[in-house]
Ligand code: EPU
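Numbering (UniProt numbering), first residue to last: 1 to 425.
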């Protein structure tokens, strides 16, 4: 177990480069299961979840080599055989929830699948009902048996159908989409998720030969194909990592250029930074955040994309903790994401929660203390808080941070932060 020791008080200045998006990369890797042959998935973030997904693909019979180019990322070369396995064990699945993304592709490709059911996690209960309902509409029979989701296509192959989601779930949209591309006939997914990671997946599937319309809108239409083909494809830049550096720049009253980011994926977050007093300049290759004053408080309401991302809520909470004024934060996606606020309070934040609302009254200064990160974004939020706290903040549980931020400490150090990784012991 490792922890970060952060010494507060430095303005962040310089440039950072954003790696590929974790929440896209894992799904692109799962999508390779849909076609036989050799894939190259580039701009992969160098994080543990990518290694675990590689291991999961290997256990299904694929050959996977990860070629890292630097501390941030690299390329996966994935050779998918003609016959693949269709069982994903609990020992891998329990290590990362995104493994559920193999459900749709395996069911489509093999006509049957056994995937261990992931449980809840630190940020909430995380249901699978919409995944199951959607795949059932496509002609699958699905049951939970001895901790596994066991599914089979009733007529041997899935059949296109109309699916209306109760909520634009990212994971359910992805699973249904990856099942529909090899189903017989047409599928329409209504109330589909619109996240950039969904668009990224659609673009890779289109390059593989899938016929998909409406990517990035609430209605996705798929014409099922008999066969798809391997491709070389680069992962979209990580908007959450980019946004995290934007907040870090604003909080520390710094000046940071975030390269290889897509500002159009961060519209609301950048508007919030601007409302907080930052000067933002954006172009297609990235954006710059310059902050000359103490941030002003900004209210945040998390919603499915294009709404404000839940994955940036803790970072904005950290900024609001030291901002001028009072902010209301409403978390609509993951019920347990406010656990992190109690750690922020250990650093001296003035925070009150009531259900899924929190009120943060900005304080003049935070005071460094030992804190524990409960999930990847909580961890990022605590590191940011540490950057502006007096003295040292020791953030433990950083394996969570490592899951979403490739080379986080190295990048912050390059911007002038004092942050070191050390053994918990
Ligand atoms: N939900 C259900 N039933 C379902 C599916 C979802 O009740 O069948 C609920 C969930 O419990 C949750 C909400 O709907 O309360 C949103 O879930 P969604 O399916 O949209 O999210 P996800 O696919 O589980 C992905 C990201 C999350 C990100 C969310 C929202 C991955 C691996 N994870 O989760 O990322 O917060 O979309 O954008 O792609 C993170 O990176 O820190 C992270 C948690």
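We treat Cβ as the ideally placed atom computed from N, Cα and C, and that holds for glycine.
For residue i, the nearest candidate out of the options (CA to CA)
| i | options | result |
| --- | --- | --- |
| residue 220 | 202, 152, 182 | 202 |
| residue 101 | 363, 311, 135 | 135 |
| residue 53 | 33, 285, 114 | 33 |
| residue 404 | 279, 410, 375 | 375 |
| residue 267 | 293, 224, 312, 61 | 312 |
| residue 424 | 415, 399, 412 | 399 |
| residue 485 | 334, 177, 361 | Shown here, the chain extends from 1 to 425; a query on residue 485 therefore has no answer. |
| residue 263 | 227, 96, 281, 70 | 281 |
| residue 122 | 307, 137, 95, 147 | 95 |
| residue 164 | 90, 412, 137 | 137 |
| residue 294 | 300, 247, 307 | 247 |
For residue i, three-class secondary structure by DSSP
| i | result |
| --- | --- |
| residue 363 | coil |
| residue 83 | coil |
| residue 233 | strand |
| residue 10 | coil |
| residue 260 | coil |
| residue 354 | strand |
| residue 100 | helix |
| residue 171 | helix |
| residue 343 | helix |
| residue 47 | coil |
| residue 348 | coil |
| residue 245 | helix |
| residue 218 | coil |
| residue 20 | strand |
| residue 162 | strand |
| residue 143 | strand |
| residue 203 | helix |
| residue 195 | coil |
| residue 329 | strand |
| residue 72 | coil |
| residue 105 | helix |
| residue 240 | helix |
| residue 39 | strand |
| residue 309 | coil |
| residue 375 | coil |
| residue 283 | strand |
| residue 125 | coil |
| residue 424 | coil |
| residue 111 | coil |
Neighbourhood of residue i by C-beta, 8 Å cutoff - its chain only, sequence neighbours within 5 removed
| i | result |
| --- | --- |
| residue 218 | 168, 190, 191, 192, 194 |
| residue 275 | 296, 298 |
| residue 390 | 8, 9, 365, 366, 367, 368 |
| residue 144 | 117, 150 |
| residue 84 | 33, 60, 61, 62, 106, 109, 110 |
| residue 303 | 332, 333 |
Sequence-distant residues of the same chain with beta carbon closer than 7 Å to residue i, five excluded per side
| i | result |
| --- | --- |
| residue 369 | 346, 347, 393 |
| residue 44 | 20, 25, 50, 73, 74, 75, 76, 235 |
| residue 388 | 8, 251, 252, 322, 366 |
| residue 166 | 130 |
| residue 31 | 105, 178, 201, 204, 205 |
Cβ-Cβ distance between residue i and residue j below 7 Å
| i | j | result |
| --- | --- | --- |
| residue 142 | residue 153 | no |
| residue 117 | residue 149 | yes |
| residue 317 | residue 329 | yes |
| residue 352 | residue 359 | yes |
| residue 181 | residue 222 | yes |
| residue 225 | residue 210 | yes |
| residue 426 | residue 286 | Look at the range of the chain in this structure, 1 to 425, and you will see that residue 426 is not part of it. |
| residue 66 | residue 249 | no |
| residue 422 | residue 15 | no |
| residue 87 | residue 58 | no |
| residue 160 | residue 187 | yes |
| residue 350 | residue 337 | no |
| residue 385 | residue 344 | yes |
| residue 260 | residue 18 | yes |
| residue 157 | residue 184 | yes |
Contacts around residue i, its chain only, beta-carbon distance under 6 Å, and the 5 residues preceding and following it disregarded
| i | result |
| --- | --- |
| residue 27 | 101, 174, 201 |
| residue 272 | 298 |
| residue 357 | 330 |
| residue 36 | 80, 82 |
| residue 314 | 340, 377, 378, 381 |
| residue 463 | The requested residue 463 does not occur in the structure, where the chain is confined to residues 1 to 425. |
| residue 243 | 266, 269, 312 |
| residue 38 | 79, 230 |
| residue 305 | 194, 195 |
| residue 288 | 257, 281 |
Any non-hydrogen atom of the ligand SAH closer than 6 Å to residue i Cβ
| i | result |
| --- | --- |
| residue 23 | Among the ligands present in this structure, namely the ligand EPU, the ligand SAH is not found. |
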